[in-house]
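Here's the structure, in structure tokens; my notes come after.
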Amino acid sequence: MKKKILTVAVTGALLTSGSFLAGNGTILAGENGPNGPNYGGNETIKNERLHSYEEMVSFLEKADKRSEALELEVYGQSVQDRDLYLAKFGTMNEDNPTILFLTQQHGNETLTTEGALQLIKYLTSNGKNVEEIINNVNVLIAPRLNVDGAEGDVKFSLEDYVSGTHTRYNANGVDLNRDHVDRKQPETKALHQEVLQKYHPDYMIDLHHQGTQTTLGDTGELVSGSLLYPTNDNVDPEVREQSKKLGAVVYNAIDSKGYGLLSKYPGGSAPTISRNGLAVEYGISTLLLEMRGMADHYREDYVLGQKSNGYLIQQAVTAMKATLNALADGSIDSADTSFWETLPESNYEGE
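Just so you know, the sequence shown maps onto residues -22 to -1, 1 to 329 in mature numbering (1 follows the signal peptide of the UniProt record, and there is no 0).
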């Protein structure tokens, strides 16, 4: 399949047609929800609406300059020598819980990073809620681990991709989310040595995207995302239980918004996957949040046009904010995990 799309350059905009942003940062309802229109073969994807690497760096540096709450750190470099950034909030008090939000291990799963940038913007603002979070939680945000794949700056052809701009793999053609044991790639090696082993997170949410045709069990109803806790047999039961509580916080927050519908992701148990490997090796309570659609892929049924972007970005922000609030006030410890017993597993009705 050859590229079919000629995109139009529009820089910096996080939101797209079908939704718009109120003055308080809330997504207002438009015609399209997060399980809305598919890419139909002739719809402009407009990946230029996403932050490029240079735009992301500029965003982070400006946020760092205007806010004393944010400490920006370069913790490594990619295959193609792009800097990897970590945004840190909080006192780094060892008595406070530490959470890591990790986005874009896969370079074509873009809206997770857009959500992380929105969260960074929120945490650099003034307000009682922000102060409560920063005083009680150590927050680590690693936006865009796969910076080369997100730029399409790789050592292999993207000719067969729908847009030819983003790929799952890093520049060496490696899936970074299968490299958490050997850590042969500079991106995963830096993440482990300079983030995980340095700051010792208690929790991690790993944000990803899945195909557009994922449904709630066999109902045929399209979901806006999917969740899963660590499933490797070697995960400590207490770590797994706290991971399930993390999932309960996220599920309830998204479900209460009325525009999100989540299923249980049917993921594997391999330790090479961060959701499993980090839970086993470091005792981190981890949660996978998969969101609908990708910016680019060689399978058309994985690619979602821009019309649902605003809702999906807000879904990621909702999940992260709810988690921070639950950690700040301790309510995560009383989260009801019974929903996992009845949550339908994802089904896929694509190719």
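Note that the Cβ used here is the ideal one computed from N, Cα and C, for glycine as well.
- prompt: Does the beta-carbon of Met298 have 16 or more other beta-carbons within 10 angstroms, so that it is buried, or is it exposed?
  reply: buried
- prompt: What residue range is occupied by the uninterrupted beta strand (DSSP E) comprising Tyr63?
  reply: Asp61 to Phe67
For Asp196, the nearest candidate out of Ser241, Leu101 and Asp279 (CA to CA): Ser241
field: Opening and closing residue of the alpha helix (DSSP H) in which Leu194 lies
entry: Taken as a continuous stretch (DSSP letters only), Leu194 belongs to no alpha helix (DSSP H), being part of the beta strand (DSSP E) at Thr192 to Leu194.
query: Would DSSP call Gln83 helix, strand or coil?
result: coil
field: Three-way DSSP call (helix, strand, coil) for Leu239 in this model
entry: coil
- request: Report buried or exposed for Thr69, applying the criterion of at least 16 other Cβ atoms within 10 angstroms of its Cβ.
  value: exposed
query: Given a threshold of 16 other Cβ atoms within 10 Å of its Cβ, counted over all protein chains shown, does Gln292 qualify as buried or as exposed?
result: buried
query: So Leu205 packs on Leu266, CB below 8 Å; how close in whole Å?
result: 7 Å
- request: Check whether the Cβ atoms of His84 and Asn150 lie closer than 8 Å to each other.
  value: no
- prompt: Under three-state DSSP, which class holds Ser36?
  reply: helix
message: Rounded to the nearest angstrom, what separates Gly203 and Leu136 at their Cα positions?
response: 26 Å
query: Between the beta-carbon of Asp126 and the beta-carbon of Val201, is there less than 8 Å?
result: no
- prompt: Can you give, in chain order, each stretch of the alpha helix (DSSP H) that sits fully within the stretch 156 to 212 and has at least 4 residues?
  reply: 164 to 169
message: With distance defined between alpha-carbon atoms, name the residue in Asn254, Tyr147, Ile112 and Asp73 nearest to Ala128.
response: Tyr147
field: For Leu267, three-class secondary structure by DSSP
entry: strand
- prompt: How many angstroms separate the CA atom of Gln96 from the CA atom of Leu118?
  reply: 14 Å
task: Using alpha carbons as the reference points, say which of Leu62, Glu323, Arg270 and Leu38 lies closest to Leu194.
output: Glu323
- request: With DSSP collapsed to three states, give me the class of Met70.
  value: coil
- request: Mind reading off the beta-carbon distance from Met182 to Pro121? Whole number of angstroms is fine, and I expect it under 8 Å.
  value: In fact, because the Cβ distance is near 14 Å, the residues do not count as touching under 8 Å.
- prompt: Using CA coordinates, which residue listed in Gly54, Tyr63 and Asp59 is at the minimum distance from Ala41?
  reply: Tyr63
task: Return the CA-CA distance between Tyr289 and Gly93, expressed in angstroms with no decimal places.
output: 10 Å
- request: Closer than 8 Å by C-beta to Leu50: which residues in its own chain qualify, once you throw out the five before and the five after it? Chain order, please.
  value: Leu38, Glu39, Ala41, Asp42, Tyr63, Leu64, Ala65 and Lys66
field: Same chain only: Cβ atoms within 6 Å of Asn20, ignoring 5 sequence neighbours per side
entry: Note that Asn20 scores a pLDDT of 44, beneath 50, so its modelled location is shaky; the value from the coordinates is reported in the next line. Excluding residues within five positions, none has a Cβ falling inside 6 Å.
query: Okay, do the stretch 307 to 320 and the stretch 219 to 238 touch, 3+ Cβ pairs below 8 Å being the bar?
result: yes
message: Considering only DSSP beta bridges, list what Met272 is partnered with.
response: Val281
- prompt: So what does DSSP say about Ala300, is it helix, strand or coil?
  reply: helix
- request: Check whether the Cβ atoms of Ala300 and Val227 lie closer than 8 Å to each other.
  value: yes
- prompt: Hey, Leu305 and Ile77: beta-carbon distance below 8 Å or not?
  reply: yes
message: Between Pro164 and Gly54, how many whole angstroms is the CB-CB distance? I'm expecting something under 8 Å.
response: 6 Å
message: Let me check one thing: in DSSP terms, what residues is Thr250 bridge-paired to?
response: DSSP, once it has assigned bridges, lists no residue as partnering Thr250.
message: Rounded to whole angstroms, what is the Cα-Cα separation between Glu216 and Ile232?
response: 25 Å
Counterpart residues of Gln55 in DSSP-defined beta bridges: Asp61
Limits of the beta strand (DSSP E) - the one that Ile310 falls within: Element bounds for Ile310: n/a, residue is neither H nor E.
query: Can you name the residues that DSSP bridges to Val117?
result: Phe67 and Ile77
- request: Could you spell out the range, first to last residue, of the alpha helix (DSSP H) harbouring Tyr147?
  value: First-last for Tyr147: undefined, no H or E at that position.
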